[in-house]
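**Student:** Just passing along the structure, written as structure tokens.
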Amino acid sequence: TADVPPIIPYLLEDRAVYDDVAPWPTDADGLGDSLHRLATTSFGSNASSWIASIPTPGSVVFNTNPQVNVHLVPRINASPTDLVPALPAPDTDPNTGGGGANFWQREGSDFTIEVWVKSDQVVAAIDTGAIQVKYDPAFAEALGVDHGTIFNQGGTTFDNIDPITGTVEFGGDASVSNAGDDEFALLGRVVFRAKAPIDPANLVFGPFDADISTSAAANAFQLSGIGVVPHDLQSAPDVHTRAVIYDFDNNGVVNFADLGMLLPAIGEVPGGSQPPFADWADFDNNETVDTIDRDLLLAAFGLAFDSPLLNIPTSAESESNGGPGSVDDIDMLAEAEAI
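In structure tokens, the structure reads:
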């Protein structure tokens, strides 16, 4: 009759019945974390649809294409910690590297590429991390991998170096429950040694690009409650290697062959067509290849390219204004281009 209200059927679309035992995330039961749903399409009744993480009241963040953001940071000195809120900056020691896009190393010198990772899901930490770091084996030699302490769960780390293809693959399981969810976590460091195979006959002196990049590893990345996800390379260094000053023929020692290349350039002005070595034999950058440059080479005579006694000319003026004597100007082998 008209006095009887109509029956409106309701369909149960979703519900969540939380239990404070596994497989439900137990840290949401009085331990400071709250429940976070991983995606709008995940069933609320499934424990795998939820994780426990830092409360974010009033905000909901879903990403239908989760991934791990990867940053490569060139450094001489290792970062002091493996979990940081802001991405560490490259080293900027003017004697070893310029930092960022200008980062460079002399041949025979070691440097590291730090691999920093962060989930693009606010509430999904990285359970497993694995990646391939690619490089040009002509201009860099991979010496080893220093795994980050956060991804160094006992028995799970691995690393493999292929010097032919220029590939370093490494990774491991996270030892903490919040790896890379709201801070940058260090997956590991790849230790390299710079190489600079100059070609005097064809006037190829550098600088050389080590071509540092990444590619997907077999084990990839896994996020808590989500599973395997791809990585996105957010930033990569422009790493250059430079041949050692004085050792023109790149045989590892300063000797008569190098002196023989320098002597024909005495009296020449850099930039001229003959002889071609004038462009990078003006060690003191006074716009002329002269006896001062000869004496600088002779002072290094007999020294190996990696000797700590190898003298690189410097000047107070250059350090302040980048003028004559600056690191970039002094290392003529690095700045010279094919003539």
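In terms of the working numbering, the sequence shown is residues 111 to 449. Glycine included, each C-beta is placed from N, C-alpha and C at the ideal position.
Do A289 and A327 have their C-beta atoms within less than 7 Å of each other?
**Tutor:** Reading the sequence shown from its first residue, position 179 is the one you call residue 289. Reading the sequence shown from its first residue, position 217 is the one you call residue 327. No, Cβ-Cβ distance for A289 and A327 is not below 7 Å.
**Student:** State the CB to CB distance for the pair T266 and D283, rounded to an integer number of angstroms; the pair is presumed to be in contact (CB under 8 Å).
**Tutor:** On the sequence shown, position 156 is the one that residue 266 refers to. On the sequence shown, position 173 is the one that residue 283 refers to. Indeed they touch by this definition, with Cβ atoms about 4 Å apart.
**Student:** Using a Cβ-Cβ cutoff of less than 6 Å, which residues in the same chain neighbour N205 once the five nearest sequence positions on both sides are dropped?
**Tutor:** For the purposes of this step, residue 205 is identified with residue 95 of the sequence shown, where counting begins at 1. Confidence at N205 is low in this model, with a pLDDT of 40, below 50, so the placement of that residue is unreliable and no value is reported for it.
**Student:** Under the three-state reduction of DSSP, which class applies to R185: helix, strand or coil?
**Tutor:** Translated into positions along the sequence shown, residue 185 becomes position 75. If DSSP states are grouped into helix, strand and coil, R185 belongs with the strands.
**Student:** Quick check: the stretch 154-169 against the stretch 135-146, are there 3 or more CB pairs under 8 Å?
**Tutor:** yes
**Student:** Is R125 buried or exposed, if buried means 16 or more other CB atoms sit within 10 Å of its CB?
**Tutor:** As a first step, residue 125 must be located in the sequence shown, where it is residue number 15. So R125 counts as exposed.
**Student:** Between F302 and E251, how many whole angstroms is the CB-CB distance? I'm expecting something under 8 Å.
**Tutor:** Along the sequence shown, one-based indexing puts residue 302 at 192. Along the sequence shown, one-based indexing puts residue 251 at 141. F302 to E251, Cβ: 6 Å. Contact.
**Student:** Determine the DSSP secondary structure at F411, reduced to helix, strand or coil.
**Tutor:** If you number the sequence shown from 1, residue 411 lands on position 301. Of the three classes helix, strand and coil, the one that applies to F411 here is coil, per DSSP.
**Student:** Which residues in the same chain have their Cβ closer than 8 Å to the Cβ of P135, if we skip the five residues on either side of it in sequence?
**Tutor:** As a working mapping, residue 135 is identified with position 25 in the sequence shown. Result list for P135: D143, L145, A157, W160, I161, A162, in chain order.
**Student:** Looking at the structure shown, is R125 part of a helix, part of a strand, or coil, going by DSSP?
**Tutor:** Working through the sequence shown from its first residue, we reach residue 125 at position 15. DSSP places R125 in coil when its eight states are reduced to three.
**Student:** Look up T166 in the DSSP assignment and say whether it is helix, strand or coil.
**Tutor:** Here residue 166 refers to the residue found at position 56 of the sequence shown. Coil at T166, not helix or strand.
**Student:** G298: buried (16+ other C-beta within 10 angstroms of its C-beta) or exposed?
**Tutor:** Working through the sequence shown from its first residue, we reach residue 298 at position 188. So G298 counts as buried.
**Student:** May I ask which residues mark the beginning and end of the beta strand (DSSP E) holding G254?
**Tutor:** In the sequence shown, the residue the question calls residue 254 occupies position 144. Counting along the chain, the beta strand (DSSP E) containing G254 begins and ends at 250-257.
**Student:** So who's on the other strand from I117, going by DSSP bridges?
**Tutor:** In the sequence shown, counting from the first residue as 1, residue 117 sits at position 7. I117 is not bridged to any residue.
**Student:** Compute the Euclidean distance between the alpha carbons of A375 and L369, then round it to the nearest angstrom.
**Tutor:** Within the sequence shown, numbered from 1, the residue matching residue 375 stands at position 265. Within the sequence shown, numbered from 1, the residue matching residue 369 stands at position 259. Distance between the alpha carbons of A375 and L369 is about 10 Å.
**Student:** Indicate the three-state DSSP secondary structure (helix, strand or coil) for G337 in the structure shown.
**Tutor:** As a working mapping, residue 337 is identified with position 227 in the sequence shown. Note: G337 maps to strand in three-state DSSP.
**Student:** Verify whether the separation of the beta carbon atoms of F294 and K228 is less than 7 Å.
**Tutor:** Walking along the sequence shown from the start, residue 294 turns up at place 184. Walking along the sequence shown from the start, residue 228 turns up at place 118. In this structure, F294 places its C-beta atom within 7 Å of the C-beta atom of K228.
**Student:** Return the bridge partner residues of I241 from the DSSP annotation.
**Tutor:** Within the sequence shown, the letter at position 131 stands for residue 241. Answer is F280, A326, bridged to I241.
**Student:** Should T238 and D192 be called a contact, given that it needs their Cβ atoms to be closer than 7 Å?
**Tutor:** Residue mapping note: residue 238 aligns to position 128 of the sequence shown, counting from 1. Residue mapping note: residue 192 aligns to position 82 of the sequence shown, counting from 1. Their beta carbons are not under 7 Å apart, which means T238 does not touch D192 by this criterion.
**Student:** Taking the C-alpha atoms as reference points, what is the distance between L373 and V363?
**Tutor:** The residue you call residue 373 lines up with position 263 of the sequence shown. The residue you call residue 363 lines up with position 253 of the sequence shown. Approximately 17 Å, taken between the alpha carbons.
**Student:** Quick check: the Cα distance between A248 and A414, rounded to an integer number of angstroms?
**Tutor:** Taking the sequence shown and counting its residues from 1, the one referred to as residue 248 is at position 138. Taking the sequence shown and counting its residues from 1, the one referred to as residue 414 is at position 304. Taking the straight line from one Cα to the other gives about 21 Å.
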